[in-house]
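Enquirer:
Number of protein chains: 2
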Amino acid sequence: MTPSPAPAQPTGADAQLPAHERVYRQLRNRILWGLLMPGAPLTLRGLGTELGVSMTPVREAVRRLAAEGALSVSASGRISAPELSDERLEELASIRALLEPELGARALPRAHLALIDRLDIMNHRVDEAIVKTDVPGYIRTNLEFHRTLYLRAQAPAMLALTESIWLQAGPTMRALYARRQRSEATANHRKILAALRAGDEPGLRLAIRADVTQGLRMLIG
Amino acid sequence: MTPSPAPAQPTGADAQLPAHERVYRQLRNRILWGLLMPGAPLTLRGLGTELGVSMTPVREAVRRLAAEGALSVSASGRISAPELSDERLEELASIRALLEPELGARALPRAHLALIDRLDIMNHRVDEAIVKTDVPGYIRTNLEFHRTLYLRAQAPAMLALTESIWLQAGPTMRALYARRQRSEATANHRKILAALRAGDEPGLRLAIRADVTQGLRMLIG
DNA sequence: AAACGGCGTTTGTGATCACAGACTGTGGCC
DNA sequence: GGCCACAGTCTGTGATCACAAACGCCGTTT
């Protein structure tokens with residue numbers, strides 16, 4: 071039996087988590103992995119029945135995600151996945167170009183070989199998702215790659231900001247990636263890994279910056 | 071009759087805003103202006119009766135602020151103003167040092183004289199708050215100065231991230247500023263204004279960076 | 001005197017309900 | 001044919017309530 075994408079009953083380790091937390095994670099993953107189309111409308115009651123809870127915890131989860139920019143609520147309170155203008159996308163890209171090289175540079179002195187090997191393996195997963203043209207899979211594994219590296223930076227606030235940016239761009243990224251498929255992503259990742267192995271901070275900053283900006287910039291132009 | 075600091079009945083323009091929005095703004099300002107001590111406990115019912123609403127809108131506002139890092143909730147759900155470690159404070163300072171010079175640089179080409187004059191006036195207000203040793207007033211006017219400049223950058227996402235950092239540091243800043251009072255803040259601000267008038271981007275970046283890092287760094291060491 | 005145990009109180013959580021506003025689609029009118 | 005008005009439905013909002021867990025206080029014990 072295949073696992074249901076949205077279990078009405080809490081299963082496994084999630085059983086003891088508060089309902090609003092489960093709803094939050096569920097929605098967050100959908101957004102982050104590009105499973106929601108930009109502008110797609112959501113309703114409190116709909117999400118509640120779908121996830122097997124009442125409106126109350128759903129409201130809290132939605133409010134939380136809206137605060138992170140992951141969802142947008144209209145003046146009248148309607149909830150939807152955000153639609154980003156090109157200027158906004160460029161801004162998000164330049165924020166990534168600002169924060170992520172810094173996170174990489176901070177992770178560099180703490181990145182031992184075991185970590186680099188794990189990143190290498192993750193990069194293979196990114197590759198697989200690309201050849202299978204599995205867009206959500208590509209987005210997910212790509213972000214996992216970056217996140218695993220940045221975790222070593224020991225900078226939780228900076229990482230939280232960065233993930234907030236990913237979240238904001240999630241739905242739009244998906245919609246854009248559906249049109250053009252990237253393959254130079256793994257090339258950039260290989261450059262990142264090489265700089266990591268060499269302990270080359272300027273090279274690492276450059277490689278991360280290239281990876282981040284190429285991904286978004288070429289989707290606009 | 072003096073205006074109550076926390077009106078139980080919505081007054082003026084706020085009357086038509088949703089209750090959760092009013093609660094959010096009320097709490098946000100208290101945090102941002104350093105009116106809450108780090109670790110100070112808050113309760114949903116307490117805030118509700120104080121602000122004249124039920125628990126429901128308070129819960130949404132608190133959840134939203136917690137998502138921005140402005141409040142911390144324990145594993146058991148207790149709400150309090152966050153207590154930041156020194157490492158965390160340093161991290162927040164370096165994030166400010168990363169984002170704010172960029173915001174300033176983007177605002178620079180759009181900063182006409184009227185704006186600079188307004189900033190000058192605001193800087194006088196900062197000065198007044200300092201000589202009166204009005205700590206919340208100093209924090210508030212100082213942030214107003216920065217915010218007014220950054221608004222010209224036309225980078226809403228970057229500004230939102232920056233304000234989130236201010237929010238996170240709010241209570242701790244207050245607790246630290248209560249001990250030592252800064253006076254070179256206005257000197258840095260004057261350097262910012264001079265660079266703005268001269269159209270000197272590198273100088274502006276440097277001045278903002280100095281203003282931001284001096285404020286926090288010297289409170290730690 | 002310090003640590004432990006127990007109980008009353010306080011606190012967050014989640015469900016339910018009444019209500020007002022917004023949206024949808026349908027019909028009639030110009 | 002296109003535009004507008006109206007009604008029905010859907011949606012978010014906020015209050016209230018029952019409940020379980022956590023906290024704090026106080027008396028007892030070692």
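In order, the protein sequence lines correspond to chains A and B. Take any residue in the first sequence, count from 1 to its spot, add 70: that is its number in this note's numbering. Take any residue in the second sequence, count from 1 to its spot, add 70: that is its number in this note's numbering. For each residue, glycine too, the CB sits at the ideal point set by N, CA and C.
For Met243 of chain A, report the span of its alpha helix (DSSP H) as first-last.
Expert: 226–247
Enquirer: Give a yes or no on whether the minimum CB-CB distance between Glu170 of chain A and chain B is below 8 Å.
Expert: no
Enquirer: Within 8 Å (strictly less), CB to CB, does Gln86 of chain A reach chain B?
Expert: no
Enquirer: Is Glu130 of chain A buried or exposed, if buried means 16 or more other CB atoms sit within 10 Å of its CB?
Expert: buried
Enquirer: Which residue or residues does DSSP assign as beta-bridge partners of Ser142 of chain A?
Expert: A:Ser150
Enquirer: Give the secondary structure of Pro48 of chain B by DSSP, where H, G and I count as helix, E and B as strand, and everything else as coil.
Expert: Since the first and last residues shown for chain B are 71 and 291, residue 48 of chain B lies out of range.
Enquirer: Measure from the C-beta of Ser74 of chain B to each C-beta in chain A and report whether the shortest distance is under 8 Å.
Expert: Reliability of the predicted coordinates at Ser74 of chain B is poor, the pLDDT of 38 falling under 50, and the value obtained from them is presented with this limitation in mind. It does not: the Cβ of Ser74 of chain B has no partner Cβ on chain A nearer than 8 Å.
Enquirer: For Ser74 of chain B, does the three-state DSSP call read helix, strand or coil?
Expert: Note that Ser74 of chain B scores 38 on pLDDT, short of 50, meaning its location in the model is unreliable; the coordinates nonetheless yield the value given after this. Coil, per DSSP.
Enquirer: Using 8 Å as the threshold, is the C-beta distance between Gly240 of chain B and Ile149 of chain B below it?
Expert: no
Enquirer: What's the gap between the Cα of Gly285 of chain A and the Cα of Leu263 of chain A?
Expert: For Gly285 of chain A and Leu263 of chain A, the distance between alpha carbons rounds to 18 Å.
Enquirer: Quick one: does Leu162 of chain B have its CB under 8 Å from some CB of chain A?
Expert: yes
Enquirer: Buried or exposed: Thr72 of chain A, going by 16 or more other Cβ atoms within 10 Å of its Cβ?
Expert: The pLDDT assigned to Thr72 of chain A is 36, lower than 50, so where the model puts this residue is not dependable; a value taken from the coordinates is nonetheless given after this. Under a 10 Å Cβ-count criterion, Thr72 of chain A is classified as exposed, with fewer than 16 other Cβ atoms of the shown protein chains found around its own Cβ.
Enquirer: Could you tell me whether the Cβ atoms of Ala30 of chain A and Gln238 of chain A are closer together than 8 Å?
Expert: In this structure chain A extends from 71 to 291, so residue 30 of chain A is not present and cannot be described.
Enquirer: Leaving out the 5 sequence neighbours to the left and right, which residues in its chain are closer than 6 Å to Glu271 of chain B when beta-carbon positions are compared?
Expert: Ala175, Leu178
Enquirer: Report back the beta-carbon spacing between Leu114 of chain A and Met125 of chain A to the nearest angstrom; my notes put them in contact at under 8 Å.
Expert: 5 Å
Enquirer: Cα-Cα, which of A:Leu162, A:Asp187, A:Thr211, A:Leu169 is closest to Leu162 of chain B?
Expert: Considering only alpha carbons, the answer is A:Leu169.
Enquirer: At least one CB of chain A closer than 8 Å to the CB of Glu153 of chain B: is that the case?
Expert: no
Enquirer: Consult DSSP for Arg267 of chain A and reduce its assignment to one of helix, strand or coil.
Expert: Looking at Arg267 of chain A - three-state DSSP - the assignment turns out to be helix.
Enquirer: Straight-line CA distance for Val196 of chain B to Leu266 of chain B?
Expert: 18 Å
Enquirer: Please name the residue, chosen from B:Ile186, B:Ala136, B:Ile165, B:Leu117, that lies closest to Pro152 of chain B on a Cα-to-Cα basis.
Expert: B:Ala136
Enquirer: Determine the chain A residues that contact Glu130 of chain B at a beta-carbon separation under 7 Å, and present them in chain order.
Expert: Correct list: Arg129, Glu130, Arg133.
Enquirer: Taking DSSP as the reference, what is the three-state secondary structure of Glu254 of chain A?
Expert: coil
Enquirer: Going by beta-carbon coordinates alone, are Ile165 of chain A and Ile235 of chain A separated by less than 8 Å?
Expert: yes
Enquirer: Could you tell me the distance, in whole angstroms, from the CA atom of Pro206 of chain A to the CA atom of Ala89 of chain B?
Expert: Taking the straight line from one Cα to the other gives about 38 Å.
Enquirer: Do the CB positions of Asn258 of chain B and Ala223 of chain B come within less than 8 Å of each other?
Expert: no
Enquirer: Take Thr256 of chain A as the anchor and find which of A:Asn212, A:Thr218, A:Gly104 has the nearest alpha-carbon.
Expert: A:Asn212
Enquirer: Could one say the Cβ of Met228 of chain B lies closer than 8 Å to chain A's Cβ atoms, at least one of them?
Expert: yes
Enquirer: Would you identify the three-state DSSP class for Pro179 of chain A, choosing helix, strand or coil?
Expert: helix
Enquirer: Mapping DSSP to helix, strand and coil, what is Asp197 of chain A?
Expert: helix
Enquirer: If I measure Cβ to Cβ from Val282 of chain B and keep anything under 6 Å in the same chain, skipping five residues before and after, which residues do I get?
Expert: Arg166, Ala167, Glu170
Enquirer: On the three-state DSSP scale, how would you describe Pro206 of chain B?
Expert: helix
Enquirer: Can you tell me whether Val123 of chain A is helix, strand or coil according to DSSP?
Expert: coil
Enquirer: Which class does Arg222 of chain B belong to by DSSP, given the choice of helix, strand or coil?
Expert: coil
Enquirer: Cα separation between Leu246 of chain A and Glu198 of chain A?
Expert: Leu246 of chain A and Glu198 of chain A have their C-alpha atoms some 20 Å from each other.
Enquirer: Under 8 Å, Cβ to Cβ, is there at least one residue of chain B near Ile165 of chain A?
Expert: yes
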